Every structure is written in structure tokens, then in C-alpha cells.
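Numbering (the working numbering), first residue to last: 659 to 909.
Glycine included, every Cβ here is placed at the ideal spot set by N, Cα and C.
Bear in mind that the values here come from a model prediction, so they are computed numbers and not experimental data.
Notes follow once the structure below has been shown.
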């Protein structure tokens, strides 16, 4: 090998890295850093109206209907957000003696349903000809301004208070606890139970049917109205500034 070939080989060897490695090394973003950004995807002032509607009803074989509806509406002009509750009490036209037709179904287990997080929906049935409906609706729309708020209907559900009702279908309880709002119905004649609760970052809709020919419904509706005009440059800068806390090394 002549001198020129030897020098070329040495230069090539020196130019090859000892091991292959990407120019940028990925690094993990810690939970503590992500927690400062969670839920920040809507620009300030973009949401102009927010509402919650909850309803729970139970109809027995005679057509007796027991239930409640709770409404919450929040806008910029709202001084104190409050749930307003309207109870539902309808007499059916059936003539059957339901006291002689006790529910005989047996449902076991399910203790863990009350300790879940997020959205939990459950229907457990041990009877015939029943209908059960659990549903959650999230409606997001846009407008130039918040709509006019109608006069509230029903009773104010103050913190720590309870609203009750009874009829041929069963017993109703609507309660405001430290964990949120809960509606529950204990049906007469061992026909079953249903409950719906909202709070602590979770929603549960649970129904147990032990008798027959019952119709049960749990509904929660979240209504969000966003301002449809684009945010100003200053608002965008404010949102982007939330990212400055992340490290600028890696990717």
C-alpha cells in the first residue's frame, strides 16, 4: 500500500463514528410538567356558556312515573352557579295490584361499580319485559354571544341539601354532597333501583332491575357554547407561553 492509499484509509476510519446514534436524543416529559398543560387546549374567554342537564325517571308496570331533572347554567354574568331541580310525579292508568307482584330477581356482585373513575354505565337485570336506558350527550356549538338564560325552574339544590319525592313507583332522592350531585330511585315492591351521580371528575349511571315491565332512564347532557370569532394574537401568545416551561433539549 502506498503512502496516499494509507492516508486515505486512516482518514476514512477516523471519520466513521464509534457507534450509530441519532443527532437528537429523545427524553421523557415528566408528569409534573404535563400537569401544568392539562386542560389548556381552549383559549381564555372562548367558552361563553356551559350547562349541565341531568334526568332520572322510573316508570312501573301501571304507568306511574317518578323522577327528577336538575339544570345548571353558567355564563359570564352568573353570580352563583346552582342546580335547580324539578321533580316528576305522574299517575299511571294501570290497575294491576303491584303489591301482589313483588320482584323476585336476584342480582349479586357489582360492589366495584361505585368505586370507578370516569364514565361508568351499568344495567343489571333479573326480570322480564324491562327497558333501561343510560346515555351521556356532549353538545358543543359556536355563537357570537351567549344565549339569553331562561328563568330557572324548580327548587334550588343547595350544598348539602336533599330533595325527595314519592309515588306509586317508588322513592326519589336528589342530593348535593361534597362529591357532587346524585339522583337515586328505590322502586316499590322490590322492582329495583337506579342512580346517577356527577362529580369528582366522574359520572355514573347504574340500574338494577329485579321485577318486570319497568322503564328506567338516566340521561346527562353537557352543553358548551364557544365564541366563534378567532382569538386575538395576544390570546394566542398567552396560550403558547404555557409551553415555555418544557425543556428545550431533546424532542
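Counting the other CB atoms within 10 Å of its CB gives residue 843 a total of 16 or more, which places it among the buried residues.
If you ignore the 5 residues before and after residue 833, its C-beta comes within less than 6 Å of the C-beta of 820 and 840, all in its own chain and listed in chain order. Under DSSP, residue 853 forms a beta bridge with 842 and 864. The beta carbons of residue 724 and residue 827 sit closer together than 8 Å.
Your pair residue 731 and residue 807 checks out as a contact, with CB atoms roughly 6 Å apart and the cut at 8 Å. Contact between the segment 756–769 and the segment 735–742 is absent: fewer than 3 CB-CB pairs across the two stretches fall below 8 Å. If you ignore the 5 residues before and after residue 870, its C-beta comes within less than 6 Å of the C-beta of 785, 786 and 787, all in its own chain and listed in chain order. With fewer than 16 other Cβ atoms inside 10 Å of its own Cβ, residue 799 counts as exposed. Under a 10 Å Cβ-count criterion, residue 850 is classified as buried, with 16 or more other Cβ atoms of the shown protein chains found around its own Cβ. When DSSP assignments are scanned along the segment 701–738, the uninterrupted stretches of beta strand (DSSP E) that are 3 or more residues long and fall wholly within it turn out to be 705–717 and 723–733.
Here residue 836 carries a coil assignment [DSSP, helix/strand/coil]. A straight line joining the alpha-carbon of residue 753 with that of residue 718 spans about 12 Å. Partner residues in the beta bridge of residue 828, as assigned by DSSP, are 825 and 845. Rounded to the nearest angstrom, the gap between the Cα atoms of residue 776 and residue 831 is 23 Å. Residue environment: residue 690 is assigned as exposed (fewer than 16 neighbouring CB atoms within 10 Å of its CB, all protein chains considered). In the structure shown, residue 774 adopts coil according to DSSP, grouped into three states.
Judged by their CB atoms, residue 838 and residue 855 are nearer to each other than the 8 Å cut-off.
In the assembly as shown, residue 755 is an exposed residue. Its beta-carbon has fewer than 16 other beta-carbons within 10 Å. By the neighbour-count definition (other C-beta atoms within 10 Å, threshold 16), residue 773 is an exposed residue. Rounded to whole angstroms, residue 818 and residue 686 show a C-alpha spacing of 44 Å.
Cβ-Cβ distances below 6 Å link residue 733 to 707 and 804 in the same chain, with the five nearest sequence neighbours on each side left out; the list follows chain order. By the beta-carbon neighbour count (other beta carbons within 10 angstroms, threshold 16), residue 809 is exposed. DSSP places residue 690 in the helix class (H, G or I) of the three-state scheme. Residue 866 is a Cβ neighbour of residue 765, given a cutoff of 8 Å. When only Cα atoms are considered, residue 736 and residue 746 end up about 27 Å apart.
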